[in-house]
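Heads up, the thing below is written out as structure tokens.
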Amino acid sequence: MSIKRKELPIVGWRELIHLPELGLHSVPAKIDTGARTSSLHGTVLEEFERDGEKYVRFAVDFSRQHVRQVCEAVHVDIRGITSSNGETQSRYVIKTPLKIGDVEFRAEISLADRSDMRFPMLIGRSSLRRRFVVDSGYSWLQTPEMKVKKGHKP
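The sequence shown maps to residues 1 to 154 in the UniProt record's numbering.
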């Protein structure tokens, strides 16, 4: 029996993404099917309540541009997330619209210190599932402002 599948857009191993409700645009992101949860470089500044909902205020630092963006988002949870080095960390998890190419959806994103990472954002498989197919041999397939690159070299 053959299953008819919907044609999905293809992403490369890196893309520029947008988090419109946070005011973050053209954020370099690594596509990582080995990670379950997406992650954003953010330093938690404070937790507060507004209209009975829990919020978190956090700063996103773009060190190369010497820019700090302060954001607020509804805080969904604090979860134990296992990082690539095998350590489990307690992280704030927010839910916010995420846009890759022409596809926009609400994504759960953990806030983590990614200052020692090349990309401030990592897109995990929960965000990719049933929305995208990954071709790890290319970059910028959903980023029209960037020239498509073949291969893995940054």
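Beta carbons: idealized from backbone N, C-alpha and C, even for Gly.
Check                                                                                                                                     : Outcome
From Val-93, Asp-116, Lys-149 and Ser-115, residue whose alpha carbon lies closest to that of Arg-36                                      : Val-93
Helix, strand or coil at Glu-108 [DSSP, three-state]                                                                                      : strand
N- and C-terminal bounds of the alpha helix (DSSP H) containing Leu-128                                                                   : 125-128
His-152, enclosing beta strand (DSSP E) - first and last residue                                                                          : First-last for His-152: undefined, no H or E at that position.
Beta-carbon proximity check, Val-11 vs Phe-132, cutoff 8 angstroms                                                                        : yes
Ser-83 to Asp-113 span [Cα, whole Å]                                                                                                      : 11 angstroms
Beta-carbon contacts of residue 155 that lie in its chain and below 7 angstroms, excluding the five residues immediately before and after : Limits of the chain in this structure are 1 at one end and 154 at the other, which puts residue 155 out of reach.
Assigned exposure category for Val-74 - 16 Cβ within 10 Å defines buried                                                                  : exposed
Presumed contact (8 angstroms Cβ cut-off) between His-30 and Arg-5, rounded CB distance                                                   : For the sequence presented, residue 30 should be read as Lys rather than His. Not quite, the Cβ-Cβ distance comes to about 26 angstroms (not below 8 angstroms), so this is no contact.
C-alpha distance - Arg-57 paired with Gly-34, whole-angstrom precision                                                                    : 28 angstroms
N- and C-terminal bounds of the beta strand (DSSP E) containing Ile-81                                                                    : 67-82
Buried or exposed by the 16-neighbour rule on C-beta atoms within 10 Å, applied to Ser-136                                                : exposed
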